[in-house]
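Peer 1: Residue numbers (the working numbering), protein chains in the order written: chain Y, 1 to 318; chain C, 319 to 636. Glycine included, C-beta positions come from ideal geometry on N, C-alpha and C.
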DNA sequence: AGCCTTATGCTACATCTGAGCAAAAGACCC
DNA sequence: GGGTCTTTTGCTCAGATGTAGCATAAGGCT
């Protein structure tokens, strides 16, 4: 094992030559966060128990990382992914129990598909119980916050900094709750030993939500964070909707993903002025109230908005 | 080479078991986009000719990808990186001439350092000549646009779509020029064979800017795009400024990075109301006009704004 | 002193955003 | 059939934000 500085330097200098890479040979793996709506709930495709994200090796036949992910997700599960985007690459030394160092390139994929060939759709909020704030008052204080604050106070040196992170991430005092900070929240809970996968976890009081294999819950949090941020400025929600839908269904989807309610009238105004949808002419009657018009995503905007973006009002809660 | 579907499936099923990854063993490499300001120009650290980005192998002694990048950039060049963030992971089959498949994890690093131990600071705009719009009228049409439009027209099927991408990326007609779309612009130029590294490049008329080794120009474009987007909502400019500066110097830096001018008064208002800086009490007299007050970055905001963000008005040109 | 330059302060105006009121249109109940 | 419920849909309004221009301050220079 070349761990001495001298050897490390030698390897670097070799690298500088641009010819030979004398680095470690590692196995490259693809990790997929595949998201779909099932019965109005946002779900992620998982395998086994404890749940893990579907993963597969990079093979010589794969043209690219993206192609690799798409190919085997589709083959393995029979799902077709409408949207696929690289998330982050993980290769920390301690993330594998078996001593190897798999380098995992994670992807976020969206689909409208139903039953997968293998695996199950797992509700996000079974894994991140504190992330669903729908129906809660906007000044709702998460029960985890006291435990977090206690953790912050336990280290006088870091007190202010930790306090700051908690305030912002969990939307305390003047800060709003921001759905896309899910990864920050997870990391705080991890550091505060409030999730079971923390080294020093206290089983008596933990955040609501089941653990996953390895660091997969972190990877999933990364994916959810990206998706929550992205629905605000790219028309990706539609990758999760069936072809015809009412504006209420669309809104429900956005609310389910972001975990909080939005202002109905403003939501519709935004959708309309962005010209994201067009009427199909149909109506849906069983809404429990006035029948709703049916809409369809204007596929044409994909070409434009892939680059420039759109705005959905997912910011504040009611 | 296991290219048959059966073998591929076998490998996947093995992966599904969660035990053994029978994937390809690859070498993992780190690619660094190290940015600094030199004499008011935005520059990137490059080695050799044609220029390439500094790269180094992932070694067993490195705790994480980020640590690896930081460690060897600092050792190799003597530069200390104030900011370091993962960009993207590249592993396309055709990106290496030598047949191997290096998997390259790219990072964006910012520094205020001066002369590097090895390598040189290369001005961005020598590599992306069309990206500097300072001093040009806001309705300026890039001379590349006709060639791009011709390319768009050459394929009747794809005409509309290409036209759309060009319009948005290059800020034609109603669209504004958006600095952070540099990667989109580069990709269009690549597809239109207007950069020398394109397979079918026509040497007679090319976009202004030297080529780099391999796909490094694409990686650099990714880094610049990230940085240009990021200065708008995170206080990262200060990682490129020396400790004391005038507001004009700060504005010059932002303008150099984004490649276009901003409205001075609004810029200052934004800086002030965000409380990003504090006066040092000093003044700088050789401004050519009224002396300017000196400011210093309020380091405290880093703790807050790392999470929540700030706003700099880099949007429109004058 | 008068003119140059840059720095700095302030104001007008269009736009966006968040939030509420109210009418429309069906279901349901009596 | 009328009243009441629900959800859908249209509209208004105030505050925040973004864009752009005018005006003054404060130095150097001739």
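With distances taken from CA atoms, which of Y/152, Y/171 and Y/221 is nearest residue 324 of chain Y?
Peer 2: Nothing about residue 324 of chain Y can be read from this structure; chain Y reaches only from 1 to 318.
Peer 1: Distance check for residue 302 of chain Y and residue 451 of chain C, CA to CA, integer angstroms please.
Peer 2: The alpha-carbon atoms of residue 451 of chain C and residue 302 of chain Y are separated by roughly 28 Å.
Peer 1: With 16 as the cutoff for other CB atoms within 10 Å, does residue 32 of chain Y come out buried or exposed?
Peer 2: With 16 or more other Cβ atoms within 10 Å, it is buried.
Peer 1: Find the nearest neighbour of residue 605 of chain C within the set C/474, C/567 and C/380, judged by alpha-carbon distance.
Peer 2: Ranking C/474, C/567 and C/380 by Cα distance to residue 605 of chain C puts C/567 first.
Peer 1: Can you grab the Cα-Cα spacing for the pair residue 80 of chain Y / residue 54 of chain Y, in whole Å?
Peer 2: So the two alpha carbons sit approximately 15 Å from each other.
Peer 1: When DSSP builds the beta bridges, which residues end up paired with residue 374 of chain C?
Peer 2: C/348.
Peer 1: Got a sec: which bits of the region 409 to 429 of chain C sit with their beta carbon under 7 Å from any beta carbon on chain Y, in order along the chain?
Peer 2: Answer in chain order: 409, 410, 411, 420, 421 and 423.
Peer 1: Assign residue 582 of chain C to buried or exposed, taking buried as 16 or more other Cβ atoms, counted over all protein chains shown, within 10 Å of its Cβ.
Peer 2: Residue 582 of chain C comes out exposed.
Peer 1: Is the beta carbon of residue 564 of chain C closer than 8 Å to that of residue 519 of chain C?
Peer 2: No, these two residues do not count as a Cβ contact at 8 Å.
Peer 1: Whole-angstrom Cβ separation of residue 470 of chain C and residue 486 of chain C, contact assumed at under 8 Å?
Peer 2: Their Cβ separation, rounded to whole angstroms, is 13 Å, which puts residue 470 of chain C and residue 486 of chain C out of contact at 8 Å.
Peer 1: Measuring CB atoms only, is the region 269 to 289 of chain Y touching the region 224 to 232 of chain Y, in the sense that at least three cross pairs come out at less than 8 Å?
Peer 2: The region 269 to 289 of chain Y is not in contact with the region 224 to 232 of chain Y.
Peer 1: Starting from residue 556 of chain C and walking both ways along the alpha helix (DSSP H), at which residues does that stretch end?
Peer 2: No alpha helix (DSSP H) holds residue 556 of chain C; DSSP gives it neither H nor E.
Peer 1: Residues of the region 541 to 553 of chain C with a CB closer than 8 Å to any CB of chain Y: list them in chain order, please.
Peer 2: Those residues of the region 541 to 553 of chain C that come within reach of chain Y (Cβ to Cβ, closer than 8 Å) do not exist; the list is empty.
Peer 1: Three-state secondary structure (DSSP) at residue 391 of chain C?
Peer 2: Correct three-state label for residue 391 of chain C: helix.
Peer 1: Output, in chain order, the set of chain C residues within a Cβ distance shorter than 8 Å of residue 89 of chain Y.
Peer 2: Under the 8 Å cutoff, chain C gives 383, 404, 407 and 423.
Peer 1: Determine the direct distance from the alpha carbon of residue 294 of chain Y to that of residue 146 of chain Y, and round the result to whole angstroms.
Peer 2: Looking at the two C-alpha atoms, the distance is approximately 45 Å.
Peer 1: Which residue comes first and which comes last in the alpha helix (DSSP H) that contains residue 145 of chain Y?
Peer 2: Its alpha helix (DSSP H) spans residues 144 to 153.
Peer 1: If you follow the beta strand (DSSP E) that residue 426 of chain C is part of, which residue opens it and which one closes it?
Peer 2: Unbroken beta strand (DSSP E) run through residue 426 of chain C: 421 to 428.
Peer 1: Less than 8 Å between the CB atoms is what I'm expecting for residue 462 of chain C and residue 507 of chain C, so what's the real figure, rounded?
Peer 2: 7 Å between Cβ atoms; contact.
Peer 1: What does the alpha-carbon distance come out to for the pair residue 555 of chain C and residue 88 of chain Y?
Peer 2: Cα to Cα, residue 555 of chain C sits roughly 24 Å from residue 88 of chain Y.
Peer 1: Touch check for the region 439 to 451 of chain C and the region 573 to 593 of chain C: three-plus C-beta pairs under 8 Å?
Peer 2: At 8 Å Cβ cutoff, the stretches touch.
Peer 1: Whole angstroms are fine: how far does the CA of residue 58 of chain Y sit from the CA of residue 323 of chain C?
Peer 2: Residue placement at residue 323 of chain C is poorly supported in this model, since its pLDDT is 41, which falls under 50; the coordinates are not used for a value here.
Peer 1: Name, in chain order, the residues that DSSP records as bridge partners for residue 508 of chain C.
Peer 2: BP columns for residue 508 of chain C are empty, so no partner.
Peer 1: From the DSSP secondary-structure annotation, give me the bridge partner or partners of residue 479 of chain C.
Peer 2: Looking at the DSSP assignment, residue 479 of chain C forms no beta bridge with any residue, so it has no partner.
Peer 1: Tell me the DSSP bridge mates of residue 88 of chain Y?
Peer 2: BP columns for residue 88 of chain Y point to Y/106.
Peer 1: Indicate the three-state DSSP secondary structure (helix, strand or coil) for residue 587 of chain C in the structure shown.
Peer 2: Residue state, collapsed to three classes: helix.
Peer 1: Rounded to the nearest angstrom, what separates residue 129 of chain Y and residue 207 of chain Y at their Cα positions?
Peer 2: Going from the Cα of residue 129 of chain Y to the Cα of residue 207 of chain Y covers about 7 Å.
Peer 1: Given a cut-off of 8 Å, decide if residue 64 of chain Y and residue 410 of chain C are closer than it, judged by their beta-carbon atoms.
Peer 2: Contact: yes.
Peer 1: Measure from the alpha carbon of residue 61 of chain Y to the alpha carbon of each residue in C/418, C/379, C/388 and C/384, then state which is nearest.
Peer 2: When only C-alpha atoms are compared, the closest one is C/418.
Peer 1: Check the Cβ of residue 166 of chain Y against every Cβ in chain C and list those closer than 9 Å, keeping chain order.
Peer 2: Per Cβ cutoff of 9 Å: no residues; residue 166 of chain Y is ~10 Å from chain C at best.
Peer 1: Which term fits residue 217 of chain Y, buried or exposed, when burial requires 16 or more other beta carbons within 10 angstroms of its beta carbon?
Peer 2: With 16 or more other Cβ atoms within 10 Å, it is buried.
Peer 1: Answer yes or no: the CB of residue 413 of chain C versus the heavy atoms of the ligand MN, is any distance below 7 Å?
Peer 2: As presented, the structure is devoid of all ligands, the ligand MN included, so that no description of it is given.
Peer 1: Assuming residue 573 of chain C is part of the alpha helix (DSSP H), what are its boundary residues?
Peer 2: It spans 565 to 576 - the alpha helix (DSSP H) in which residue 573 of chain C sits, taken as one unbroken run.
Peer 1: Which residues bound the alpha helix (DSSP H) around residue 223 of chain Y?
Peer 2: 216 to 230 is the span of the alpha helix (DSSP H), which, as asked, contains residue 223 of chain Y.
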